[in-house]
Amino acid sequence: MRASDLLHPRPEGLYCPPGDFFIDPVRPVNRALITHGHSDHARSGHRSVLATQQTLDIMGLRYGEDFAEARQAAALGETITLNDVTVTFHPAGHVLGSAQIAVEHKGMRIVASGDYKRQKDATCLPFEPVKCDVFITEATFGLPVFRHPPDTEEIARLLKSAAQFPERSHLVGAYALGKAQRVMRLLRDGGYDKPIYIHGALTKLSEYYQSQGIDLGTLEPATVDSGGKQDFTGAIVVGPPSAFADRWARRFPDPISCFASGWMRIRQRAKQGGVELPLIISDHADWDELIATIKETGAGEIWVTHGREEALVRWCDLEGIAARPLHLVGYEDEGD
Amino acid sequence: MNRFAELLDRLVLTPSRNGKLTLLVDYFRSVEDPDRGLALAAITGDLNIAAVKPAMLRTLVTERMDPVLFGYSYDYVGDLAETVSLVWPQTPGHIPNREPTLGDVVAKLQAASRSDGPKVLAGLLDSAGISARFAIIKLVTGGLRIGVSARLAKQALADFGKVDVAEIEELWHGLTPPYIELFAWLEGKADKPQKTALALFSPVMLSNPVGDGDLEKLDPADYAAEWKWDGIRVQAVCEGGVRRLYSRTGDDVSGAFPDLAEAMNFSAALDGELLVGEPAATGTFSDLQQRLNRKSVTPKIQQQYPAFMRCYDALQIDGEDLRALPFAERRKRLETFIKTLDPSRFDLSPFVEFPDWQTLEELRRAPPHPIIEGVMLKRWDSPYVAGRPKGPWFKWKRDPHTVDAVLMYAQRGHGKRSSFYSDYTFGVWSGPEGAEELVPVGKAYFGFTDEELKQIDKFVRDNTVERFGPVRSVRADRKQGLVLEVAFEGLNRSTRHKSGVAMRFPRISRLRWDKPTAEADRIETLQALLDR
């Protein structure tokens, strides 16, 4: 069979005709397989959802327990048969609960990786390379300019700045699911043991991470009920990036705005966003990780999706690997 | 090299002056010689390294990677130095034993000949990480562009050593990179370096603005008055054949004014104002602008806009230090001395005679030349003292111009103001009646109180029309909008701005909530000021 008979794009998302399911559909469908809990991949309104237990839990936290009529948890590595298609979930290393989905039918195996990274991350299981015929890779950072430094170095810069400017507060913009908790965990590993102040949007998810055995230390709400601005002198505050441009941020004394994102690799990005301390911490694979992963999967064909497809396709051409962009709609190119 | 690279990265993104000072002081404290001195020289522009052309950089990188992938990368990043630093392929498995220090890098670059320059650069890039590569490329392509002036770097040195910045300025031109003896002194490990070089800078004397009620307490007979010339404050120093023209912060600006430097064939240190034109026909500020911020000064420009110096004080004449003498005495010496100089390049700042403050007030309001921005008052008995002592010198500026403009765009600020829309672009009306349009004439980010800032911020949030990143455009038409009274010091012609004018020192002087936008000023009002 042709690979495109097993999986191909439809307006709703990536569709598997023999199995009659979609992977990460952007519109409500009958049966959805979800790679991870970020809102552009995990939407509410599907009739049935198959995902890892943690992804299901996260969807429940975000959309309420009734986000789908039927929910089925996929254990990692367990073979699940849908019609006569077998699917297995494998860790993707992106955020807690994230998984790649291997779809196999009549000797053809395609791995839809969802979003993934290869850097070590104490808040989720590491990416597991899966041999396959076709590997569907993301390309958020699919340009040779994106090279993420070790996350420990980035956190060391934040801690250094906190020591250098003890009279100011450091506001760290980080996406509410995954990045925020990873940053907090890195701060703890870096020896920071003071309370970390968090924006309300992070509370439920951070509590969930803690309940899954990921120790984030003492987290305090960044509210002013208890006193005034001086409460946050020298504090590290974590919140969604959008909150820092908002009036919410006025409660902090002379804040230094930090942003934890792979985009911070590009100086102009930091400058335009008014970021004073860019932290290059990403939950997506950088260029070197992308090309190493493509080789490791042994796939003879690569489908490149959301991001900068052209450079990765070009690289595959140079390496003699068949590759093409897979045009899926509805994913946030600007994620991370 | 990594610490230098990190410093550059932090400085370029840190908007506040105090933040920059902290970063620089910490760097000087934690980095050893000679690296910290070389970094200082790189920042002040005193490091001599043969430049590498961008085309060479591009050649080097495309020899090492697929040109198509490089093209995609460069298109995305937009900055050549940054792109090359990011995509430079590292030899797999090759980790240098030790990344090069700034000292290693500078030594290698300075020792490289023109022909082996590219090879040396490539070798250095191979041995460094991403941040260090960026810093290396910045060093060889010239111009760090990190928003730190030489003056700010000197202030950081002063903070680091807990000395007055005037002491650093005074020594500066006698010192060379990597400034080992300077750092040793600042750390208290050695005596202050001796002033051995010739024609050094002497820190200048500055004035205070006349405040409310100041004059009532002063006797007009104690003070001399001069026009306040709106040129560039300079100090012309010649000693033992060495000629230097300094800015008020001690930067050597001789290179930008070779015509004036050429005429400095005397032995003295004179204080005055650099102007263009001729003493008998002084040019306007727009004329002066023709001589500012130029990379090279062509003979044609020098001829069209000759520079001359209007002198008002003498710090030293023929080896004699005059600074302790009273102003009246220094002035007499200056009057005699100036007769020996080229009259087309040096003249004397004339006194303004006045019997009482009222008369001076009238003169101040109607100065005889557009480049006069007020009057200076100098106590007859005052010695020449560095800094800004209160009492001996006053500046009494002409009242600022004001215009009623309409708020058009607002941008978020930084630091304390990062959640406030605090930078305002405003415009005035242009076009025929019935089809008026706002044309932006300037941008201001101060002049208002904290309370007013909150009010404007609220207005911006409630009246946003469009957003572009950190910028919002606000409702601004004939019926709705916010009128700002903007004060400014003067106007220049500008080819860069659509309106054709550029304001000097604009600030918000009043919020005119009461004023309908249709009654804001028209561009013709500003154009009339230009032609005056």
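As given, the protein sequences belong to chains A and B, one line each in that order. Residues in the first sequence are numbered from 1 upward in steps of one, following this note's numbering. Residues in the second sequence are numbered from 1 upward in steps of one, following this note's numbering. Ideal Cβ placement from N, Cα and C applies to all residues, glycine included. Since the structure is predicted, the reported quantities are computational estimates derived from the model, not experimental observations.
Would you mind sorting Trp-227(B) into buried or exposed? The rule is 16 or more other CB atoms within 10 Å of its CB. Translated into positions along the second sequence, residue 227(B) becomes position 227. Under this definition Trp-227(B) is a buried residue.
With a cut-off of 8 Å on the beta carbons, I'd call Trp-380(B) and Asp-222(B) a contact; round off their distance for me. The residue you call residue 380(B) lines up with position 380 of the second sequence. The residue you call residue 222(B) lines up with position 222 of the second sequence. So it is a contact: roughly 6 Å between Cβ atoms.
Suppose only complete runs of 3+ residues qualify. What are the beta strand (DSSP E) ranges in the segment 316 to 348 of chain B, listed by chain order? Considered as a whole, the segment 316 to 348 of chain B harbours 346 to 348 as its complete beta strand (DSSP E) runs of no fewer than 3 residues, in chain order.
Is the beta carbon of Phe-160(B) less than 7 Å from the beta carbon of Leu-182(B)? Along the second sequence, read from residue 1 onward, the residue named residue 160(B) stands at position 160. Along the second sequence, read from residue 1 onward, the residue named residue 182(B) stands at position 182. Taking 7 Å as the cut-off, the Cβ atoms of Phe-160(B) and Leu-182(B) do not count as close.
Nearer than 6 Å: is that true of the beta carbon of Arg-310(B) relative to any heavy atom of the ligand FMN? As presented, the structure is devoid of all ligands, the ligand FMN included, so that no description of it is given.
Three-state secondary structure assigned by DSSP to Pro-516(B): The residue given as residue 516(B) occupies position 516 in the second sequence. Three-state DSSP puts Pro-516(B) in coil, outside helix and strand.
Relative to the alpha-carbon of Pro-392(B), which residue among Asn-208(B), Leu-109(B), Leu-60(B) and Lys-300(B) has its alpha-carbon at the smallest distance? Counting from 1 along the second sequence, the entry for residue 392(B) is found at position 392. Per the Cα distances, Asn-208(B).
Interfacial residues, the segment 60 to 78 of chain B to chain A, with Cβ spacing under 9 Å: Contacts with chain A (Cβ-Cβ distance below 9 Å) from the segment 60 to 78 of chain B involve Met-65, Asp-66, Val-68, Leu-69, Phe-70, Tyr-72, Ser-73, Tyr-74, Tyr-76, Val-77 and Gly-78, listed in chain order.
Between Tyr-384(B) and Asp-313(B), how many whole angstroms is the CB-CB distance? I'm expecting something under 8 Å. Numbered from 1 along the second sequence, position 384 holds the residue referred to as residue 384(B). Numbered from 1 along the second sequence, position 313 holds the residue referred to as residue 313(B). That belief holds up - the Cβ atoms of Tyr-384(B) and Asp-313(B) are roughly 6 Å apart, short of 8 Å.
How many Å lie between Leu-159(A) and Phe-426(B) at the Cα? Position 159 of the first sequence, counted from the start, is the residue given in the question as residue 159(A). Position 426 of the second sequence, counted from the start, is the residue given in the question as residue 426(B). Answer to the nearest angstrom: the Cα atoms are 40 Å apart.
Given a cut-off of 7 Å on the beta-carbon distance, is the pair Val-68(B) and Arg-314(A) in contact? Numbered from 1 along the second sequence, position 68 holds the residue referred to as residue 68(B). Numbered from 1 along the first sequence, position 314 holds the residue referred to as residue 314(A). Cβ atoms of Val-68(B) and Arg-314(A): closer than 7 Å.
Segments of 4+ residues assigned as alpha helix (DSSP H) that fall wholly inside the segment 47 to 106 of chain B: The DSSP assignment places 54 to 62, 67 to 77 and 80 to 87 as complete runs of the alpha helix (DSSP H) inside the segment 47 to 106 of chain B, in order along the chain (cut-off: 4 residues).
Are the beta-carbon atoms of Ala-139(A) and Glu-301(A) separated by less than 7 Å? Against the first sequence, residue 139(A) aligns to sequence position 139. Against the first sequence, residue 301(A) aligns to sequence position 301. Taking a C-beta distance under 7 Å as the contact criterion, Ala-139(A) and Glu-301(A) do not qualify as a contact pair.
Can you tell me which of the three DSSP states Tyr-246(B) falls into? Mapped onto the second sequence, residue 246(B) falls at position 246. Strand, per DSSP.
Examine chain B for any beta-carbon lying closer than 7 Å to the beta-carbon of Glu-334(A), and answer yes or no. Your numbering for residue 334(A) matches position 334 in the first sequence. A caution first: Glu-334(A) carries a pLDDT of 49, below 50, which makes its placement in the model unreliable, though a value can still be read off. Not a single C-beta of chain B is nearer than 7 Å to the C-beta of Glu-334(A).
Hey, would you say Pro-278(A) sits closer than 7 Å to Ser-73(B), going by beta carbons? To locate residue 278(A), count along the first sequence from 1; it is residue 278. To locate residue 73(B), count along the second sequence from 1; it is residue 73. Not in contact: Pro-278(A) and Ser-73(B) (Cβ atoms no closer than 7 Å).
With distances taken from CA atoms, which of Leu-325(B), Leu-438(B), Pro-220(B) and Pro-470(B) is nearest Phe-394(B)? For the purposes of this step, residue 394(B) is identified with residue 394 of the second sequence, where counting begins at 1. Checked all of Leu-325(B), Leu-438(B), Pro-220(B) and Pro-470(B); the closest Cα to Phe-394(B) is Pro-220(B).
Rounded to the nearest angstrom, what separates Arg-98(B) and Lys-138(B) at their Cα positions? Here residue 98(B) refers to the residue found at position 98 when the second sequence is read from its first residue. Here residue 138(B) refers to the residue found at position 138 when the second sequence is read from its first residue. Between Arg-98(B) and Lys-138(B), the C-alpha separation is close to 21 Å.
Euclidean distance between Cα positions of Gln-411(B) and Arg-472(B): Translated into positions along the second sequence, residue 411(B) becomes position 411. Translated into positions along the second sequence, residue 472(B) becomes position 472. For Gln-411(B) and Arg-472(B), the gap between their C-alpha atoms comes out near 6 Å.
Per DSSP, the bridge partner or partners of Val-385(B): The sequence position of residue 385(B) within the second sequence is 385, counting from 1. In DSSP, Val-385(B) forms no bridge with anything.
Taking contact to mean 3 or more Cβ pairs, one atom from each stretch, closer than 8 Å, check whether the segment 162 to 174 of chain A and the segment 230 to 246 of chain A are in contact. The segment 162 to 174 of chain A makes contact with the segment 230 to 246 of chain A, as at least three CB pairs between them are under 8 Å.
Secondary structure at Phe-134(B), three-state DSSP: helix, strand or coil? Taking the second sequence and counting its residues from 1, one reaches residue 134(B) at position 134. If DSSP states are grouped into helix, strand and coil, Phe-134(B) belongs with the helices.
From which residue to which residue does the beta strand (DSSP E) around Asn-18(B) run? As a position in the second sequence, residue 18(B) is number 18, starting the count at 1. Note, Asn-18(B): premise wrong, no beta strand (DSSP E); alpha helix (DSSP H) at 17 to 30.
Run through chain A and tell me which residues come within less than 9 Å of Thr-91(B), C-beta to C-beta. Here residue 91(B) is taken as the residue at index 91 of the second sequence, counted from 1. The CB of Thr-91(B) never comes closer than 9 Å to any CB in chain A; the least such distance is about 14 Å.
Per DSSP, what kind of secondary structure is Phe-488(B) in: helix, strand or coil? The residue labelled residue 488(B) in the question sits at position 488 within the second sequence. In the structure shown, Phe-488(B) sits in a strand (DSSP, three-state: E or B).
Member of Leu-206(B), Val-204(B), Met-205(B) and Tyr-179(B) whose CA lies at the smallest distance from the CA of Gln-194(B): Residue 194(B) sits at position 194 when you count from the first residue of the second sequence. Selected option, being the one with the closest Cα: Tyr-179(B).
In the DSSP output, what is Glu-69(A) paired with across the bridge? Your numbering for residue 69(A) matches position 69 in the first sequence. Glu-69(A) pairs with nothing; no bridge assigned.
Which two residues bound the contiguous beta strand (DSSP E) that contains Trp-393(B)? Stepping through the second sequence from its first residue, residue 393(B) is reached at position 393. Looking at the DSSP string, the run of the beta strand (DSSP E) that includes Trp-393(B) is 393 to 397.
In angstroms with no decimal places, state the Cα-to-Cα distance between Thr-86(A) and Lys-106(A). Numbered from 1 along the first sequence, position 86 holds the residue referred to as residue 86(A). Numbered from 1 along the first sequence, position 106 holds the residue referred to as residue 106(A). Spanning the two alpha carbons is a distance of roughly 10 Å.
Rounded separation between Leu-200(B) and Ala-261(B) - CA only: Taking the first residue of the second sequence as 1, we reach residue 200(B) at position 200. Taking the first residue of the second sequence as 1, we reach residue 261(B) at position 261. One C-alpha to the other measures close to 15 Å.
At a Cβ threshold of 7 Å, is Val-95(A) touching chain B? To locate residue 95(A), count along the first sequence from 1; it is residue 95. Interface residue (Cβ-Cβ distance to chain B less than 7 Å): Val-95(A) is not classified as such.
Assuming contact is defined by CB atoms lying nearer than 7 Å, are Thr-123(A) and Ile-198(A) in contact in what I supplied? Translated into positions along the first sequence, residue 123(A) becomes position 123. Translated into positions along the first sequence, residue 198(A) becomes position 198. No, these two residues do not count as a Cβ contact at 7 Å.
Identify the residues that DSSP records as bridge partners of Cys-311(B): which are they? Here residue 311(B) corresponds to residue number 311 of the second sequence, with the count starting at 1. In DSSP, Cys-311(B) forms a bridge with Gly-272(B) and Leu-348(B).
Residue-chain proximity (Leu-236(A), chain B), Cβ-Cβ < 7 Å: Within the first sequence, residue 236(A) is the residue found at index 236, counting from 1. Contrary to the premise, residue 236(A) reads as Ile rather than Leu in this sequence. Answer no: the Cβ-Cβ gap between Ile-236(A) and chain B never drops below 7 Å.
Any contact of the segment 496 to 507 of chain B with the segment 518 to 530 of chain B, i.e. 3+ C-beta pairs under 8 Å? With the cut-off at 8 Å, the segment 496 to 507 of chain B and the segment 518 to 530 of chain B touch.
Segment contact, 8 Å Cβ cut-off, at least three pairs: the segment 414 to 421 of chain B with the segment 2 to 19 of chain B: These segments touch.
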